[in-house]
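Below is one structure, written out as structure tokens, with a few remarks after it.
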Amino acid sequence: MNDSTAPGGGHRPAHPSENDLLRTVAAWELPRLIEAEARLLLDECFPGWFEQSSIYAYEYWRRFCQELLLHTLTLVCDTWTCLQPERKTKIMVRPTARGLRTVVNLTGPGEHKQVQIYQTVLAELRRPRNSQSSPSDFTLLHTLRREYTEPTVPFEAGDLEYVEDFAWFYADSWTQNLLERVSWGHPDPYFEALPNL
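Next comes the structure, spelled out in structure tokens:
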């Protein structure tokens, strides 16, 4: 759609809506997309890694962020379809000021939501939690930062073997929260109710 109100009768493209910028992700694109988001998540969660980390530590935490994103994407898709088989999911991409973002398009009878995976992971890491062994609330991000800055053991090449299990353990901890929000439509900063595409 063109805008003909410019001086001199010129035409310019109309400003696209957010949905106009969404497109389906090809299978070959997803690994690169997740890897780029993992590096951004690493820089946001663990700033200054290059100042104090060994190459093994950096690779460990980059892989950790990557697995968090992948497992959360899987959880969102599985959670959406587990209760009603007629629900559908589609992995899409949305450009932002800081790069491309993975978006899961969730559809079903009379339902439509879009979930940004990066924002979902970040929100879950920052969500206050409580424990019987802790006198006050804590966040997973605070716990991870403590392990990042003061590791209990030095990182070695062999540690990469276990990073996937470690990340999946963390992501599994927010399964119930995802289930409640997806199933019951709770308002949420990273579950967006947008018009159908």
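So the sequence shown is numbered by numbering that gives the first Met the number 0: it starts at 0 and just counts up by one. We put the beta carbon where it would ideally sit given N, CA and C, even for glycine.
Tell whether a beta-carbon distance below 9 Å holds between residue i and residue j.
{"i": "T73", "j": "L178", "result": "no"}
{"i": "R62", "j": "V162", "result": "yes"}
{"i": "R145", "j": "D136", "result": "no"}
{"i": "V92", "j": "T80", "result": "no"}
{"i": "L124", "j": "L105", "result": "no"}
{"i": "Q65", "j": "A166", "result": "yes"}
{"i": "E36", "j": "Y117", "result": "yes"}
{"i": "T138", "j": "T71", "result": "no"}
{"i": "P150", "j": "A26", "result": "no"}
Please report the distance separating the alpha-carbon of residue i from that of residue j.
{"i": "C76", "j": "R126", "result": "21 Å"}
{"i": "L121", "j": "L40", "result": "8 Å"}
{"i": "G107", "j": "R86", "result": "4 Å"}
{"i": "Q113", "j": "Y147", "result": "32 Å"}
{"i": "P30", "j": "L67", "result": "13 Å"}
{"i": "S280", "j": "L20", "result": "It is not possible to answer for residue 280, since the shown part of the chain is limited to 0 through 196."}
{"i": "R22", "j": "N176", "result": "27 Å"}
{"i": "L99", "j": "R38", "result": "12 Å"}
{"i": "Q95", "j": "V24", "result": "The displayed chain sequence assigns Thr, not Gln, to residue 95. So the alpha carbons of these two residues sit roughly 15 Å apart."}
{"i": "E110", "j": "S53", "result": "47 Å"}
{"i": "E34", "j": "V103", "result": "17 Å"}
{"i": "D164", "j": "S130", "result": "22 Å"}
{"i": "F58", "j": "E160", "result": "Position check: residue 58 holds Glu in this sequence, whereas Phe was assumed. For E58 and E160, the distance between alpha carbons rounds to 11 Å."}
{"i": "P188", "j": "R180", "result": "Reliability fails at P188, whose pLDDT of 45 lies under 50, so the model's placement of it is uncertain and no value is given."}
Let's see if you can read the secondary structure: which residues bound the alpha helix (DSSP H) around residue i?
{"i": "T78", "result": "I54 to C81"}
{"i": "R93", "result": "Element bounds for R93: not the alpha helix (DSSP H) but the beta strand (DSSP E), K87 to T95."}
{"i": "V114", "result": "V114 -> not in any alpha helix (DSSP H); beta strand (DSSP E) instead, spanning E110 to Q115."}
{"i": "W173", "result": "No alpha helix (DSSP H) holds W173; DSSP gives it neither H nor E."}
For the beta strand (DSSP E) that contains residue i, what are its first and last residues?
{"i": "T106", "result": "G98 to G107"}
Let me know the secondary structure DSSP gives residue i once reduced to three states.
{"i": "V181", "result": "helix"}
{"i": "T138", "result": "coil"}
{"i": "R145", "result": "helix"}
{"i": "N195", "result": "Because the pLDDT at N195 is just 33, under 50, the model does not fix this residue reliably, and the point stays unresolved."}
{"i": "R31", "result": "helix"}
{"i": "R22", "result": "strand"}
{"i": "R126", "result": "coil"}
{"i": "F165", "result": "helix"}
I'd like to confirm something about residue i: is its beta-carbon nearer than 8 Å to some heavy atom of the ligand ZN, or not?
{"i": "W27", "result": "Ligands are entirely absent from the displayed structure, and the ligand ZN is therefore not among its contents."}
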